[in-house]
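Comments concern the structure below.
Residue numbers (my numbering): 1039 to 1406.
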């Protein structure tokens, strides 16, 4: 009887969802992180560094940080931690012109980074992804399945998905936002300046948390939540609605009893839903990235005097930054980077939901 109880506990729906979403996060991070590392390194070689360059985006060679987004979460990473950016600071634009810098192709870029930095360079940002994104993804996907089952009688099959998705995203982001803020500030302090060194004085995670609470109260721990929700909540609503409708459409058009059919449908529908959501939510992603970078750079006394302090550079609320971008760059500015975002988010969404549905299928868990 004890053995049966353990078996039932091991195969419980809750545990199956945890295992499946954890494995999906891992596979997504392993597959997509190298692609984004190469992208941001290549972008760093595109413009010649000059003393007059105003810092508005992470690709500027004079910036001390760059933003890495591997489809699961974003990280602000110190360029001094990578050999390529140190080289670029010294030899600058000439390296890219003489062929000694980062290759233009993705595979060539991966090989270049691996030769210089090994796996550590290819997977820059992977460790914080596994520490932060895996728990957040587990909460997100598990909450979605539970909420969708509860919301279906009220909202119907069609609208239960976006309502459950947005609710699950708010829950997961609200829980993990303080930890992500503390981690970002603490790491910046350990690197000798920037946001952490200036605002928190270093001292580790606990000291950073205490400083944040002392300076901004308990709610200061959630100060990065608002721009994140502006992007992630609409994305979740569009994504889950398109995903569930896509799976139904594929099942009706190509019915199959193959055990691989659910995985294939989830993978294809996930790619399409991720692509659609990425395009529609790009303006909020642009705003979030600029606000995140501006806050980090403006808090560094050595860098603050060199950066652009306009609203379009990220100085202000979400609404102010949107108005600033529209004024300075037009509507096209809100969709800057949409192509690169689609190329990154599409495979990430496909892999994540494909692995997640496969895991549930392997353990015999079916959607209610």
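Glycine is no exception: its CB is placed at the ideal position from the N, C-alpha and C atoms. Since the structure is predicted, the reported quantities are computational estimates derived from the model, not experimental observations.
Neighbourhood of residue 1314 by C-beta, 7 Å cutoff - its chain only, sequence neighbours within 5 removed: Here the question's residue 1314 lines up with position 276 in the chain shown. The answer, listed in chain order, is 1276 and 1280.
Within its chain, find whatever has a CB closer than 6 Å to the CB of residue 1212; leave out the 5 residues flanking it on each side and keep chain order. Against the chain shown, residue 1212 aligns to sequence position 174. Here the set comprises nothing.
Just how far apart, CA to CA, sit residue 1055 and residue 1267? Numbered from its first residue, the chain shown carries residue 1055 at position 17. Numbered from its first residue, the chain shown carries residue 1267 at position 229. Distance between the alpha carbons of residue 1055 and residue 1267 is about 24 Å.
Give the straight-line distance between the Cα atoms of residue 1125 and residue 1162, rounded to the nearest whole angstrom. Residue 1125 sits at position 87 when you count from the first residue of the chain shown. Residue 1162 sits at position 124 when you count from the first residue of the chain shown. Bear in mind that the predicted position of residue 1125 carries a pLDDT of just 46, short of 50, making it too unreliable to give a figure here.
Given a threshold of 16 other Cβ atoms within 10 Å of its Cβ, counted over all protein chains shown, does residue 1377 qualify as buried or as exposed? If you number the chain shown from 1, residue 1377 lands on position 339. Residue 1377 comes out exposed.
Would you mind giving the Cβ-Cβ distance between residue 1303 and residue 1288, rounded to the nearest angstrom? I have them listed as a contact below 8 Å. Within the chain shown, numbered from 1, the residue matching residue 1303 stands at position 265. Within the chain shown, numbered from 1, the residue matching residue 1288 stands at position 250. Confirmed, Cβ separation roughly 4 Å.
How about residue 1387 and residue 1284: do their beta carbons lie closer than 8 Å? For the purposes of this step, residue 1387 is taken as the residue at position 349 of the chain shown. For the purposes of this step, residue 1284 is taken as the residue at position 246 of the chain shown. No, they are not a contact pair.
Candidates 1362, 1072 and 1292: which alpha carbon is nearest residue 1145's? Counted from its first residue, the chain shown places residue 1145 at position 107. That would be 1072, whose Cα lies nearest to the Cα of residue 1145.
Can you look up residue 1292 in the DSSP assignment and give me helix, strand or coil? One-based indexing of the chain shown puts residue 1292 at position 254. Coil.
Could you tell me the boundaries of the alpha helix (DSSP H) in which residue 1361 lies? The sequence position of residue 1361 within the chain shown is 323, counting from 1. Here the alpha helix (DSSP H) through residue 1361 covers 1356 to 1367.
Does the CB of residue 1275 have a neighbour CB from chain D at under 8 Å? You won't find chain D in this structure, because it holds only one protein chain.
Let me confirm a value: residue 1395 is counted as buried when at least 16 other C-beta atoms fall within 10 Å, else exposed. Which label applies? What you label residue 1395 is simply residue 357 of the chain shown in a count that begins at 1. With 16 or more other Cβ atoms within 10 Å, it is buried.
If you reduce the DSSP assignment to three classes, tell me which class residue 1122 lands in. Taking the first residue of the chain shown as 1, we reach residue 1122 at position 84. Any reading at residue 1122 must be qualified, since the residue scores a pLDDT of 49, below 50, and its modelled position is unreliable; the value itself is stated next. Helix.
Just the Cα atoms here: how many angstroms apart are residue 1320 and residue 1201? As a working note, residue 1320 is residue 282 in the chain shown. As a working note, residue 1201 is residue 163 in the chain shown. About 21 Å.
Can you give the Cα-Cα distance for residue 1065 and residue 1254, rounded to whole angstroms? Against the chain shown, residue 1065 aligns to sequence position 27. Against the chain shown, residue 1254 aligns to sequence position 216. So the two alpha carbons sit approximately 37 Å from each other.
Closest by CA to residue 1329, which one among 1357, 1154 and 1074? As a working mapping, residue 1329 is identified with position 291 in the chain shown. Distance from the Cα of residue 1329 is smallest, within the candidate group 1357, 1154 and 1074, for 1357.
For the alpha helix (DSSP H) holding residue 1375, just list the boundary residues, first then last. Stepping through the chain shown from its first residue, residue 1375 is reached at position 337. Element bounds for residue 1375: n/a, residue is neither H nor E.
Span of the alpha helix (DSSP H), counted from its first residue to its last, around residue 1154: Your numbering for residue 1154 matches position 116 in the chain shown. 1144 to 1160 is the extent of the alpha helix (DSSP H) around residue 1154.
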